[in-house]
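*Asks:* Convert by adding 170 to the 1-based position in the sequence shown; the result is the number in this note's numbering. A virtual CB, placed ideally from N, CA and C, is assigned to each residue, including glycine.
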Amino acid sequence: MISPLASVHPNAKLGNNVTIEPFAVIHDNVTIGDDTHIMSHAVIMPFSRIGKGCKIFPGAVIGAIPQDLKFIGEETTAEVGDYTTIRECVTINRGTQDKWKTVVGSHCLIMAYAHIAHDCHVGNNVVLANSVQLAGHVEVGDYAVIGGLTAAKQFTRIGSHTYIGGQSSIRKDVPPFIKAGREPMSYAGINVIGLQRRNFQPEQIQTISQIYHILFVQNLITSSALKRIEEEVADGELKKKIIDFVLQSKTGIIKRYSKNNVDED
171 MISPLASVHP NAKLGNNVTI EPFAVIHDNV TIGDDTHIMS HAVIMPFSRI
221 GKGCKIFPGA VIGAIPQDLK FIGEETTAEV GDYTTIRECV TINRGTQDKW
271 KTVVGSHCLI MAYAHIAHDC HVGNNVVLAN SVQLAGHVEV GDYAVIGGLT
321 AAKQFTRIGS HTYIGGQSSI RKDVPPFIKA GREPMSYAGI NVIGLQRRNF
371 QPEQIQTISQ IYHILFVQNL ITSSALKRIE EEVADGELKK KIIDFVLQSK
421 TGIIKRYSKN NVDED
C-alpha cells in the first residue's frame, strides 16, 4: 500500500507488497524490495538500494551524500540487505569513490539515532544499539553487537561475533569472537554467551580461548604471540580467521586492560 500522501518518484522501483506511509519520501533512482515497510517521514534518497522485508522507521534517512569533503558527486550507493530493521532517525550515507558503496547486511537491527557513514561495510545479523556512530570506512563483521553511544573512528574494524560494551570508543581493531569495553578499549574475554547462542561447539570455544590467552594474557608482543599460536594451536578455520584479522590490521588491535594504562607489547 502506497499512501497518496507519500512522495514517490515515478522512476523509483518498488517490489511487490511494499508499504509506504504518509509523508515518506522516495527519491529517483531508488530500489525497494518486496514486503518492505517505509514509515512516515522516512526519506530514501537517490542511489539507495533496499532489500526485501525491511522495516524503515520514521525519521530515518538512507542514501544522503557523504559527509566527506572529498566527495565530488560520484554515483555511489547506499545498500541495505533483506529483513533489516532501521529504527527512528538512523542515517546511512552513500559511499565515495574509495569503495563506491556503503553496505548494511541482512537481518540487522540498527537502533535509533545510529549513524553509518560513507564506505562502511556492516555484515549480516549485526546489532547497533542506540546512537552508535560509525565513521567512514568502518567494517563490522557478522553477528557483532555494539552497545549504545559507542563511536568507531575511521577505518577501524570490528570482527564477527564480537560484543562491544556501551559508551565505548573504538580507535583500534577489535578481533573476532571477543568482548571489549573500558577506556581505552580493551579485551574483556571471549564472547562465550554470544558464541553459544550461535551454536559454536565447546571445542571451538576452547580453541578461541586458547588463542586469545596467548595473544592477550601472556604478555607477548604481537609477532611473538602469533608465532606461538602457529606452533601450539591446531590448524583450523577459527585459527586462520583470527590470525588473518590480526595480520591485516592497519590500525593495530586492541590490548588487554592494564591498570597502569601501559600497553602490554
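Count the other C-beta atoms from every protein chain shown that fall within 10 angstroms of the C-beta of S356, then say buried if there are 16 or more, exposed otherwise.
*Replies:* Residue mapping note: residue 356 aligns to position 186 of the sequence shown, counting from 1. S356 comes out buried.
*Asks:* Buried or exposed: which applies to E309, given that a residue is buried once 16 or more other Cβ atoms fall within 10 Å of its Cβ?
*Replies:* In the sequence shown, counting from the first residue as 1, residue 309 sits at position 139. Result: buried.
*Asks:* At which residues does the beta strand (DSSP E) containing E249 begin and terminate?
*Replies:* In the sequence shown, counting from the first residue as 1, residue 249 sits at position 79. T247 to V250 is the extent of the beta strand (DSSP E) around E249.
*Asks:* Leaving out five residues before and five after F227 in sequence, what residues of the same chain have Cβ atoms less than 6 Å from its Cβ?
*Replies:* By 1-based counting over the sequence shown, the position of residue 227 is 57. Answer for F227: M209, R257 and E258, listed in chain order.
*Asks:* Are G223 and G203 close, meaning C-beta to C-beta below 9 Å?
*Replies:* Start at 1 with the first residue of the sequence shown, and residue 223 comes out as number 53. Start at 1 with the first residue of the sequence shown, and residue 203 comes out as number 33. Their beta carbons are under 9 Å apart, which means G223 touches G203 by this criterion.
*Asks:* From the DSSP output, in three-state form, read off S210 for me.
*Replies:* The sequence position of residue 210 within the sequence shown is 40, counting from 1. Of the three classes helix, strand and coil, the one that applies to S210 here is coil, per DSSP.
*Asks:* What span of residues does the alpha helix (DSSP H) with Y382 cover, start to end?
*Replies:* Residue numbering aside, residue 382 sits at position 212 when the sequence shown is read from its first letter. Residues P372 to Y382.
*Asks:* Within this structure, are the beta carbons of H307 and D343 separated by less than 9 Å?
*Replies:* The sequence position of residue 307 within the sequence shown is 137, counting from 1. The sequence position of residue 343 within the sequence shown is 173, counting from 1. Contact: no.
*Asks:* G406: buried (16+ other C-beta within 10 angstroms of its C-beta) or exposed?
*Replies:* As a first step, residue 406 is located in the sequence shown; it is residue number 236 there, counting from the start. Burial call: exposed.
*Asks:* On the criterion of 16 or more Cβ atoms from any shown chain inside 10 Å, does S394 qualify as buried, or is it exposed?
*Replies:* Working through the sequence shown from its first residue, we reach residue 394 at position 224. S394 is exposed by the Cβ-count criterion.
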